[in-house]
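Read through the structure below, which is laid out as structure tokens, and then see the notes.
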Amino acid sequence: MFDNKRILVTGGTGSFGNRFISTILNDYSPSAVVVYSRDELKQFEMQQRFPDESRLRYFIGDVRDAQRMTEAMEKVDFVVHAAALKQVPAAEYNPIECIRTNITGAENVIRAAIAQGVEKVVALSTDKAAKPINLYGATKLVSDKLFVSANNTVGEHRTRFAVVRYGNVVGSRGSVIPFFYRMIDSGANFLPITDDRMTRFWITLDQGVDFVIKAFERMWGGEIFVPRIPSTRITDLAQAMAPDIEQRVVGIRPGEKLHEVMCPEEDAHQTVQFQDFFSITPTIKFNNAGVDFATTRLGETGAAVEPEFEYNSGNNPVFLNQREIVALLNETGFGR
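For the sequence shown, this note's numbering gives the first residue as 1, with consecutive numbering after it.
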């Protein structure tokens with residue numbers, strides 16, 4: 001569906017943007033891919049990795065800048081909104097800055113997409129937007145609501161919006177894997193565990209990219225798509241990475257959960273389960289109120305979940321054991 005189309009990625013120089021753009025260039029024949037971000041050094045470095053001047057375009061800009069966002073979306077067909085302020089402590093110390101990027105920025109993306117007649121927009125969310133307990137999660141919940149409700153404000157315009165929500169990306173910046181490795185390499189005599197009951201969802205970067213691409217194909221507009229992925233106990237992860245190093249419980253950090261939630265119990269009445277993903281359907285009715293969200297545009301059929309159902313990393317039926325964790329680290333290039 002991306003052949004001969006123009007695709008724009010906000011926050012395009014990040015980990016997701018790099019892998020997504022590489023996949024699009026290798027697997028499809030887009031007429032252009034627009035990288036929209038505010039860091040000129042990262043754009044320069046990206047140009048060295050992707051010397052495809054005929055199809056790649058680089059726009060310096062911030063999602064906070066509504067006019068620049070609108071200019072960048074001229075003649076664009078598809079948008080992936082990946083730009084965000086994501087660090088939990090930074091958001092707590094700089095709340096207004098986080099709001100301006102994650103909420104006002106989302107509004108600017110929506111308005112620009114509608115004004116320029118973009119066909120489809122997929123926004124990246126986070127497990128922290130479900131039952132948020134920190135400011136970052138709260139801003140992403142608002143962002144999710146904005147993108148879902150945007151389908152009700154498009155009027156006669158063709159633009160449709162959907163959201164993709166998933167948990168930790170294996171080895172991403174700020175995740176526990178590089179943190180543990182830095183401690184191991186520095187000769188630490190223990191690995192800090194915030195709570196020995198803690199669990200996390202895990203998804204690879206390639207899986208995340210593929211899930212976003214699939215969302216463009218299966219979306220009607222208004223869904224929050226959640227992949228069905230395995231969980232990991234943090235104690236098992238630490239044991240797999242450093243079997244000879246002690247684990248020491250240091251206490252849970254502010255804004256941190258024992259288990260990640262991706263489909264809250266409160267949304268059970270709106271949640272549809274498919275073979276390898278969930279879809280949280282919109283609570284408001286759109287102009288296309290006749291859409292059956294239990295069937296995707298690809299013809300995939302799902303069924304309503306049980307009342308009081310919740311999908312979190314603690315009640316997930318699929319957990320990786322230590323051997324599988326090691327295999328995953330090796331597969332993604334983070335093994336030792």
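Each residue gets a CB set at the ideal place from its N, CA and C atoms; glycine is no exception.
These figures come from a predicted structure and were not determined experimentally.
Going by DSSP, name the residue or residues bridged to residue i.
i    : result
P192 : R248
I103 : Looking at the DSSP assignment, I103 forms no beta bridge with any residue, so it has no partner.
L56  : V33
S279 : F225 and V272
F78  : I7 and K120
I203 : V169
N312 : V261
A72  : According to DSSP, A72 bridges with nothing at all.
S231 : F201 and F319
V163 : A123 and I224
Quick one: Cα of residue i to Cα of residue j, how far?
i    : j    : result
M69  : S37  : 10 Å
N26  : D3   : 11 Å
E119 : D185 : 48 Å
F122 : A327 : It should be noted that the sequence gives Val, not Phe, for residue 122. Straight-line Cα distance between these residues: approximately 31 Å.
G299 : G251 : 46 Å
T332 : N321 : 17 Å
E324 : L237 : 10 Å
E74  : E306 : 44 Å
E265 : K128 : 15 Å
E223 : M183 : 40 Å
D39  : A303 : 44 Å
E217 : I24  : 14 Å
I177 : P132 : 23 Å
R111 : P51  : 31 Å
S15  : A268 : 32 Å
F211 : F78  : 15 Å
N168 : R55  : 31 Å
A90  : G255 : 12 Å
N330 : A113 : 39 Å
K285 : A242 : 51 Å
R57  : I213 : 20 Å
V170 : K86  : 16 Å
Q273 : Q67  : 39 Å
N312 : T283 : 21 Å
Residue i by DSSP, collapsed to three states: which one?
i    : result
K120 : strand
L362 : Since the first residue shown for the chain is 1 and the last is 336, residue 362 is missing from the structure and cannot be characterised.
R6   : strand
M262 : strand
S66  : Here the sequence assigns Ala to residue 66, which means Ser is not the residue at that position. Here A66 sits in helix by DSSP.
A84  : coil
N168 : strand
A303 : strand
R297 : coil
F179 : helix
F334 : coil
V318 : coil
P254 : coil
M1   : coil
R38  : coil
G14  : coil
K131 : coil
S149 : helix
R111 : helix
F50  : coil
N26  : helix
E218 : Per the sequence shown, residue 218 should be read as Arg rather than Glu. Of the three classes helix, strand and coil, the one that applies to R218 here is helix, per DSSP.
E156 : coil
D185 : helix
D210 : helix
V142 : helix
P89  : helix
I284 : coil
G137 : helix
So, are the CB atoms of residue i and residue j less than 8 Å apart?
i    : j    : result
F59  : V35  : yes
A215 : F225 : yes
N134 : E71  : no
S125 : D144 : yes
R6   : V76  : yes
Y166 : P227 : yes
V63  : V33  : no
A162 : G221 : yes
G308 : V261 : Per the sequence shown, the amino acid found at residue 308 is Glu instead of Gly. No, these two residues do not count as a Cβ contact at 8 Å.
Report whether the distance from the Cβ of residue i to the nearest heavy atom of the ligand PLP is below 7 Å.
i   : result
T70 : This structure lacks the ligand PLP; in fact it carries no ligand of any kind.
Inset, instruction - Indicate whether the contact test is met: 3 or more Cβ pairs, each with one atom in the stretch 230 to 248 and one in the stretch 185 to 195, closer than 8 Å. - result: Contact holds: three or more Cβ-Cβ distances are below 8 Å.
Legend entry - Sufficient close CB pairs (3 or more, under 8 Å) joining the stretch 77 to 94 to the stretch 1 to 13: With the cut-off at 8 Å, the stretch 77 to 94 and the stretch 1 to 13 touch.
Inset, instruction - Answer yes if the stretch 285 to 305 comes into contact with the stretch 198 to 211, meaning at least three C-beta pairs across the two stretches below 8 Å, and no otherwise. - result: No, the stretch 198 to 211 is not in contact with the stretch 285 to 305.
Inset, instruction - State whether the stretch 93 to 102 contacts the stretch 136 to 143, with contact taken as three or more CB pairs (one from each stretch) at a distance under 8 Å. - result: Short answer: they touch.
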